[in-house]
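Each remark here refers to the structure printed beneath this line.
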Amino acid sequence: FSLDGCDSEICRYYPGENVTFRLSFVPYVNSSSLSVSFKAELGGIEYKFHDLESDGCKSPEVECPLIEGSIVSYQVSYTVPDIFYEIKSVSTFEMLDERGQHLVCLTIPFEISNGLYEKVTK
Numbered sequence: 544f545s546l547d548g549c550d551s552e553i554c555r556y557y558p559g560e561n562v563t564f565r566l567s568f569v570p571y572v573n574s575s576s577l578s579v580s581f582k583a584e585l586g587g588i589e590y591k592f593h594d595l596e597s598d599g600c601k602s603p604e605v606e607c608p609l610i611e612g613s614i615v616s617y618q619v620s621y622t623v624p625d626i627f628y629e630i631k632s633v634s635t636f637e638m639l640d641e642r643g644q645h646l647v648c649l650t651i652p653f654e655i656s657n658g659l660y661e662k663v664t665k
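Read in order, the letters of the sequence shown are residues 544 to 665 in the numbering used here.
Dropping the structure here:
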């Protein structure tokens, strides 16, 4: 998988920044549906990325039904939430088949920084 602007173990982003997430995977089962979830804990509260369509079959890159052993590409863009403090956490990206079983489950460490000095000097 890849995330725009992330080239280290911890992805660093800024409030309001647009980010594109890309992923290719090979399903191990046939599935007529693909459910997608992307969430993170922000200050002790679970945050769901509302820019994200939960029906992965509606993504232009995804062709449903999914066929076991075929390559599936997925892409989504979202906006980093506006927060007023710096935070380090982990986001979780999941893709589930029609039976609710994981096809993909990723945990992605990230940091949201609102340091204007840091952003200007990059």
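For every residue, glycine included, the Cβ atom is placed at its ideal position computed from N, Cα and C.
Proximity below 9 angstroms, CB of residue i to CB of residue j
i, j, result
"Ser-634", "Leu-566", "no"
"Cys-554", "Phe-636", "no"
"Glu-584", "Ser-632", "yes"
"Tyr-621", "Val-562", "yes"
"Leu-546", "Ile-630", "no"
"Met-638", "Phe-568", "yes"
"Ser-597", "Asp-640", "no"
"Asn-657", "Tyr-557", "yes"
For residue i, the three-state DSSP class (helix, strand or coil)
i, result
"Cys-648", "strand"
"Val-663", "Because Val-663 sits at a pLDDT of 48, beneath the cut-off of 50, its placement in the model cannot be relied upon, and the point is left open."
"Cys-600", "helix"
"Val-579", "strand"
"Leu-595", "coil"
"Tyr-621", "strand"
"Ile-614", "coil"
"Phe-544", "coil"
"Ile-626", "coil"
"Glu-606", "coil"
Burial state of residue i (16 or more Cβ within 10 Å)
i, result
"Ser-574", "buried"
"Pro-608", "exposed"
"Pro-570", "buried"
"Gly-599", "buried"
"His-572", "Here the sequence assigns Val to residue 572, which means His is not the residue at that position. Per the 10 Å Cβ criterion, exposed."
"Tyr-628", "exposed"
"Lys-581", "According to the sequence shown, residue 581 is Phe rather than Lys. Its Cβ being crowded by 16 or more others within 10 Å, Phe-581 is buried."
Where the beta strand (DSSP E) containing residue i begins and where it ends
i, result
"Asn-561", "561-568"
"Leu-639", "630-639"
"Cys-554", "554-556"
Assumed close pair residue i, residue j - CB separation to whole angstroms, cut-off 8 angstroms
i, j, result
"Ile-626", "Ile-588", "Rounded, the Cβ-Cβ distance is 11 angstroms, inconsistent with contact."
"Phe-564", "Val-647", "Actually they are not in contact, since the Cβ atoms of Phe-564 and Val-647 sit about 11 angstroms apart, beyond 8 angstroms."
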